[in-house]
Amino acid sequence: MDSIRNRRTIRKYKQQDIPAELLNGLLEEAFRASTMGNMQLYSVVVTRDAERKALLAPAHFNQPMVTSAPVVLTFCADFNRFSKWCRQRKAEPGYDNLISFINAASDTLLAVQNFCTLAEDRGLGICYLGTTVYNPDQIIDILHLPELVVPVATITVGYPDECPAQPDRLPLSGIIHEEEYHDYTPEAIDAIYAMKESLPENKHFVEINHTETLAQIFTNIRYKKSDNEFMSEGLKRTLKRQGFDK
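For the sequence shown, position 124 (counting from the first letter as 1) is numbered 124 according to UniProt numbering, and the numbering increases by one without interruption.
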């Protein structure tokens, strides 16, 4: 698909609404994604209201796409709906545990990727916000998510008002392993990351951040160990709060 081969993240959108019919049609198609046991362990909260988007923005570090996009979609791992169905049909659910969260999160992300692919093929632009799992408690409160529902991905959607350069990708040889996993030698690592390290924009990042290597930007600035540990503890608390800790 040309829309996949040429895809890029869109952070600036035209002030043009997305018709509900179009959005719902794309979501309905996206929900044809593979799902564990055909249970469809996800829900999607559609946010169009400007005030509600403003409330969500701090949870996403106030990235401007959250308030400027016509639609914000919060995809949630959801065992609440299925558990209630079980109880109403005289079946006692046992989904208040970590493996059930992983299953629901996997279902959710499969649907998310389907939606993104379909939306881009219809001329819409999307931005995937990884910040959703950094501040899930804030999102839970704002969207009134009940027990056994946890936000795992947020997508901003709109008609593109920019055409940024495509981001780089690692070579195929650095990702595919034939038959079994073949660990990386130092020489292989050098070859796999050579192109990424040679890009002018990445050299510029190194220069302006006063680091010796591009890797240090990731480990010392963007995704620090201390931040990862702090947010991991927060996620554990959220899973306990939402009932996935038994």
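Backbone N, C-alpha and C fix where the C-beta goes; we use that ideal spot for every residue, glycine too.
Remember, predicted model here, so these are calculated numbers, not experimental data.
First and last residue of the uninterrupted beta strand (DSSP E) at residue i
| i | result |
| --- | --- |
| residue 74 | 71 to 78 |
| residue 126 | 125 to 129 |
For residue i, three-class secondary structure by DSSP
| i | result |
| --- | --- |
| residue 184 | coil |
| residue 151 | strand |
| residue 19 | coil |
| residue 13 | strand |
| residue 173 | helix |
| residue 42 | strand |
| residue 211 | coil |
Nearest-angstrom beta carbon gap, residue j and residue i [assumed within contact, 8 Å]
| i | j | result |
| --- | --- | --- |
| residue 132 | residue 151 | 5 Å |
| residue 108 | residue 77 | 5 Å |
| residue 125 | residue 223 | Not confirmed; about 25 Å, so no contact. |
| residue 72 | residue 56 | 6 Å |
Selection from the options that minimises the alpha carbon distance to residue i
| i | options | result |
| --- | --- | --- |
| residue 10 | 123, 88, 94, 203 | 123 |
| residue 170 | 190, 80, 21 | 190 |
| residue 16 | 3, 7, 159 | 159 |
| residue 102 | 35, 51, 163 | 35 |
| residue 45 | 93, 60, 27, 33 | 27 |
For residue i, the first and last residue of its enclosing alpha helix (DSSP H)
| i | result |
| --- | --- |
| residue 234 | 225 to 241 |
| residue 110 | 98 to 121 |
| residue 143 | 136 to 143 |
| residue 67 | 65 to 68 |
Alpha carbon of residue i to alpha carbon of residue j, nearest angstrom
| i | j | result |
| --- | --- | --- |
| residue 213 | residue 228 | 21 Å |
| residue 98 | residue 237 | 12 Å |
| residue 127 | residue 193 | 25 Å |
| residue 137 | residue 62 | 16 Å |
| residue 221 | residue 207 | 13 Å |
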